[in-house]
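Residues in the sequence shown are numbered consecutively from 4, following my numbering. A short worksheet on the structure shown next.
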Amino acid sequence: MEAKITPHVVIIGGGFGGLMAARKLARSPVRITLIDRKNHHTFQPLLYQVATAGLSPGEIAAPIRWILRGRPNIQVLLAEVQDFDLSRRVVKISNEEIPYDYLIVAAGATHAYFGHDEWEPLAPGLKTIEDALELRRRILLAYELAERRSASGEDELPLNFVVVGGGPTGVELAGTLAEIAHRVLANEFRSIDPKRTRILLLEGGPRILPAYPEDLSQSAVDQLQRLGVEVQTSSLVTGIEPGAVRMGEARMPAAVILWAAGVAASPLGKKLGVPVDRAGRVLVNPDLSIAGHPEVFVIGDLATLKDDHGKLLPGVAPVAMQEGTATAKNIQR
């Protein structure tokens with residue numbers, strides 16, 4: 004009697020979608036290999052709290068092996084995927100090829116500077132623990148420098164914190180910055196007048212949180228303004244230079260510039276050889292599989308999918324988790 008072969012499911016990415024798929028498949032008769040270039044999962048919705056010194060990195064990150072402990076059919080592999088050969092059903096990492104029966108690509112997204120990658124060193128984004136720590140360093144250093152100048156009687160520099168991008172990350176960053184500037188750091192940096200600190204949220208479109216209903220956007224504006232945040236919509240950033248942001252002919256001095264204006268899908272999306280949108284996100288079928296390969300699924304920030312009303316699903320954790328669950332069910336069938 005021929006032995007039954009256990010299907011091998013390879014999952015790329017240990018974010019919300021990838022982990023959810025692994026968990027849902029853990030009790031199925033499959034063998035799972037989860038590949039990630041980092042050995043920990045980051046709770047990205049709270050990265051802004053690390054950036055603003057509200058939480059420590061360890062409070063929002065956990066080892067992937069620990070999260071998936073007690074599941075003997077799951078192997079965690081620390082590696083970076085280089086390419087795919089869909090015809091042979093293999094994933095290429097370094098000098099090794101990993102065969103699969105089913106493939107789930109949940110590689111996420113990174114910062115998008117819209118053709119201006121030279122802005123990145125001047126205006127870091129917020130996608131990783133390392134990003135959050137760099138932002139924290141810049142914020143606290145700006146206060147330290149301002150405190151020293153104030154205490155020594157030197158000319159005071161503008162203490163402007165400019166957040167570029169009015170999506171969820173930008174809104175959270177701006178609001179939290181305002182809270183710590185006026186309530187927390189005001190007690191620690193006594194030579195600085197809290198009124199000197201300006202928090203500006205710049206959004207190129209007509210309103211912040213454009214992916215959400217208009218009443219929610221207006222409610223967010225009202226709350227931010229109560230916190231002291233200056234919200235400027237229809238303010239398209241055309242240039243970033245050391246210590247300043249440009250919007251056309253206008254120049255805004257800035258002690259710290261934080262980038263939250265957009266994301267680009269992982270380059271792995273294009274390597275699948277199927278259609279992608281302008282942001283590099285893979286156009287998937289309703290069941291999250293890709294064209295011509297029903298055994299390959301793309302989920303999370305790397306996928307673009309519309310709901311029943313024709314509206315694109317947002318790149319947020321709950322959506323990624325739902326897609327991970329749905330993909331696991333499709334494989335179990």
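The beta carbon of each residue, even a glycine, is placed where N, CA and C say it ideally should be. If you're wondering where the values come from, they're calculated on a predicted model, not measured in any experiment.
**Report entry** Closest Cα partner of G242 within the set R26, E121, L22
**Finding:** E121
Notebook entry, point to check: Just how far apart, CA to CA, sit P66 and L80?
Noted result: 12 Å
Please report the straight-line C-alpha distance between E137 and A54, rounded to a whole angstrom. 8 Å
| CB-CB under 7 Å to L230, same chain, minus the five flanking residues each way: which ones, in chain order? | G178, A181, E182
| field | Y103 - DSSP class collapsed to helix/strand/coil | value | coil
**Report entry** Burial state of S269, where buried means 16 or more other Cβ atoms lie within 10 Å
**Finding:** buried
Given that a residue counts as buried once 16 or more other Cβ atoms are within 10 Å of its Cβ, and exposed if not, what is M4? Confidence in M4 is poor, its pLDDT being 41 and thus under 50, which makes the residue's placement unreliable; the coordinate value appears in the next sentence. Burial call: exposed.
Nearest candidate by alpha-carbon position, reference F87, set A247, I14, L316: I14
Q: Measure the C-alpha to C-alpha separation of D39 and A82 and round it to an integer number of angstroms.
A: 6 Å
Exercise. What are the uninterrupted segments assigned as beta strand (DSSP E) that are 3 or more residues long and contained completely in the stretch 211-280, given in chain order?
Worked result: 232-235, 242-244, 247-250, 253-256, 259-262, 266-268
### Query
Should W262 go down as buried or exposed, given a rule of 16 or more other Cβ atoms within 10 Å for buried?
buried
Expected contact under 8 Å - CB spacing of G272 and R284 to nearest Å
6 Å
Self-check item: E233 versus R92, G168, D196, V287, residue with shortest Cα-Cα distance
Solution: G168
Here's the rule: buried if 16 or more other CB atoms are within 10 angstroms of the residue's CB, otherwise exposed. What is E99? exposed
Self-check item: Strand pairing of L203, partner residues [DSSP]
Solution: V165, E233
For this session: Tell me whether the beta-carbon of A64 lies closer than 8 Å to the beta-carbon of H44.
Result: yes
Reference E147; option with closest CA among P127, L89, E62, A258
A258
Short check: CB of D104 to CB of P32, under 8 Å?
no
_Excluding the 5 residues flanking E150 on each side, which residues of the same chain have their C-beta closer than 7 Å to its C-beta?_
F192, S194, I195
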